[in-house]
Amino acid sequence: MAEPNPEELFNLGVKSSEAKDYIQAKKYFEKACGLNNGGGCFSLGILYTNKDFGEKNYKKALALMTKGCELNYALGCGFLGNLYTNDGPMVKKI
């Protein structure tokens, strides 16, 4: 069986995250991000802001979200723009 492509990995990460299986979601998002999937990078960043994930790291989260935006993931760019425009609490914490 062939390895999932970056988009499939991203979708598997989303499903795992929705099921609150954050450890598995992290694995899928890391693989997708490593293959330059912007959604995977952005979503991995979001995990690092989730209190249920247990590994809050705002600096890492912003770096991953920025990479997602740089990879043309529009949702990530909009989210980041909103954070910086409003001087969001996450930006203040780093």
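Take the sequence shown: its position 10, counted from the start at 1, is 9 in numbering that gives the first Met the number 0, and no numbers get skipped. Quick reminder that beta carbons are idealized off the backbone N, C-alpha and C, glycines included. Since we're looking at a predicted model, the values are computed, not measured.
Exercise for the section: Can you give me the Cβ contacts of Leu34 inside the same chain, cut-off strictly under 6 Å, excluding the 5 residues immediately before and after it? Expected result: Pro5
Exercise for the section: Would you kindly work out how many angstroms separate the C-alpha atoms of Gly12 and Asn36, rounded to a whole number? Expected result: 12 Å
Problem - Sequence-distant residues of the same chain with beta carbon closer than 6 Å to Lys59, five excluded per side - result: Tyr47
Exercise for the section: Ignore the nearest five residues each way along the sequence and tell me which others in Phe41's own chain have a CB closer than 6 Å to its CB. Expected result: Met64, Gly67, Tyr72, Gly75
Exercise for the section: Identify which residue in Lys30, Phe78, Lys19, Ser16 has its Cα closest to the Cα of Leu8. Expected result: Lys30
Practice task
Mark Tyr27 as exposed unless 16 or more other C-beta atoms lie within 10 angstroms of its C-beta, in which case mark it buried.
Solution key: buried
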